[in-house]
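>
Protein chains in written order, with this note's numbering: chain H, 73 to 248; chain A, 20 to 74.
1. Distance check for residue 216/H and residue 110/H, CA to CA, integer angstroms please.
2. Please work out which residues of its chain come closer than 8 Å, Cβ to Cβ, to residue 254/H, disregarding the five sequence neighbours upstream and downstream, and give them in chain order.
3. Would you call the stretch 210-229 of chain H and the stretch 182-196 of chain H in contact, with 3 or more CB pairs under 8 Å?
4. I need the boundaries of the alpha helix (DSSP H) containing residue 171/H, first residue and last residue.
5. Quick check: what's the CA-CA separation for residue 72/A versus residue 91/H?
6. Determine, for residue 218/H, whether the minimum Cβ-Cβ distance to residues of chain A falls below 7 Å.
7. Just list the alpha helix (DSSP H) runs in the stretch 96-147 of chain H, keeping only unbroken ones of 4 residues or longer that don't cross its boundaries, in chain order.
8. From which residue to which residue does the alpha helix (DSSP H) around residue 239/H run?
9. Measuring straight from C-alpha to C-alpha, what distance separates residue 82/H and residue 234/H?
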């Protein structure tokens with residue numbers, strides 16, 4: 073028989089997966105498609121795309137990150153308080169693995185809201201200002217570098233994040 | 020994907036953070052304290068301080 077708590081678990085996991093696919097999918101789009109493509113474009117073309125394409129992609133990117141992390145932590149703590157102390161090494165590893173993956177994901181969320189979005193927001197505002205005849209701020213290159221470093225860091229962190237999340241229920245079995 | 024300065028910096032910091040996570044996981048097992056998760060948190064604060072000084 074299905075218990076109410078199982079419906080809560082399934083719902084939270086579904087939201088977590090939906091948000092995570094959206095977030096990390098757009099992260100990979102930025103790193104593998106948009107950044108190299110923008111290097112090939114001229115200034116006027118970029119000025120058309122930044123306030124439209126980039127602004128829209130960043131909206132889904134940053135809010136999907138919030139949904140993913142919130143649903144993930146809610147699932148983790150609901151499970152922890154419902155299950156009680158883990159009884160065996162397989163369950164202990166599950167909590168350690170999910171905890172490490174969750175903290176890596178939280179650092180990635182902080183990179184999105186603390187570094188990538190604040191700097192990209194300035195770049196979008198400057199590009200929109202350019203269309204109204206305002207000069208390009210001298211700090212524009214610096215903002216782009218900071219956002220790109222944090223984006224590359226998130227790209228790299230997504231690999232161990234997926235390992236710890238994906239292996240949580242399997243690694244103790246694999247290692248015997 | 021070109022391995023520019025930003026890529027190297029981002030991947031370098033990610034490697035350091037993961038290394039600190041592994042060190043803290045080992046220390047948590049040995050010393051049985053969740054407080055040791057502070058190790059990667061300090062490393063990440065270091066990244067935030069550094070990245071906001073990039074020119």
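The C-beta atom is built at its ideal place from N, Cα and C for all residues, glycine as well.
Fair warning: this is a prediction, and the values are worked out from it, not measured in the lab.
From the atom records:
1. If you number the first chain from 1, residue 110/H lands on position 38. If you number the first chain from 1, residue 216/H lands on position 144. Taking the straight line from one Cα to the other gives about 12 Å.
2. This structure cannot speak to residue 254/H, because chain H is shown only from 73 to 248.
3. yes
4. Position 99 of the first chain, counting from 1, holds the residue named residue 171/H. Start and end: 161-183.
5. Reading the second chain from its first residue, position 53 is the one you call residue 72/A. Reading the first chain from its first residue, position 19 is the one you call residue 91/H. Between residue 72/A and residue 91/H, the C-alpha separation is close to 31 Å.
6. Here residue 218/H corresponds to residue number 146 of the first chain, with the count starting at 1. Closer than 7 Å: yes.
7. 107-112 and 115-121
8. Here residue 239/H refers to the residue found at position 167 of the first chain. Run containing residue 239/H: 212-239, per the alpha helix (DSSP H) assignment.
9. Translated into the one-based positions of the first chain, residue 82/H becomes position 10. Translated into the one-based positions of the first chain, residue 234/H becomes position 162. In a straight line, the C-alpha of residue 82/H is about 19 Å away from that of residue 234/H.
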